[in-house]
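Structure first, commentary second.
Numbering (my numbering), first residue to last: 272 to 393.
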């Protein structure tokens with residue numbers, strides 16, 4: 272939403288944040304319930320070119336009875352003297368970038384005039 276945040280009203284911003292939080296929580300809770308046997312392995316931390324702290328982990332679980340590993344990296348940004356979570360990357364794909372792309376497409380599509388939205392593509 273970085274490209275559209277300032278265009279949104281306070282009410283729209285609040286609604287967006289509530290919906291995004293619910294979407295992420297629902298997705299993770301569903302994933303946890305689908306596989307209750309897992310072990311999280313801390314594999315290290317580093318600093319990226321922007322000064323963000325990257326905490327790397329592996330989730331070891333089983334899929335169809337076979338060992339399965341998922342890499343999960345947490346991107347933390349400095350906020351004064353604290354760190355706060357900024358992004359979660361699963362197997363190299365970040366939530367921030369993924370959701371940003373999806374939300375920008377939705378905003379672009381909904382900001383077109385109604386006639387343009389329903390016109391067939393040529």
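For every residue, glycine included, the Cβ atom is placed at its ideal position computed from N, Cα and C.
Straight across, the Cα-Cα distance linking residue 298 with residue 369 is about 14 Å.
In the structure shown, residue 286 falls within a helical segment according to DSSP collapsed to helix, strand and coil. Boundaries around residue 379 are those of the alpha helix (DSSP H), 366–382, since no beta strand (DSSP E) includes it.
Only exposed fits residue 350, as fewer than 16 other CB atoms lie within 10 angstroms of its CB. In this structure, residue 347 sits away from residue 367, with a CB-CB distance that is not shorter than 8 Å.
Here residue 360 really is in contact with residue 344; their C-beta atoms are around 4 Å apart, less than 8 Å. Judged by DSSP in its simplified three-state form, residue 293 adopts helix. Per DSSP, residue 331 is one residue of the beta strand (DSSP E) stretching across 324–334. Of the candidates 337, 289, 291, 286, 337 places its Cα closest to the Cα of residue 308.
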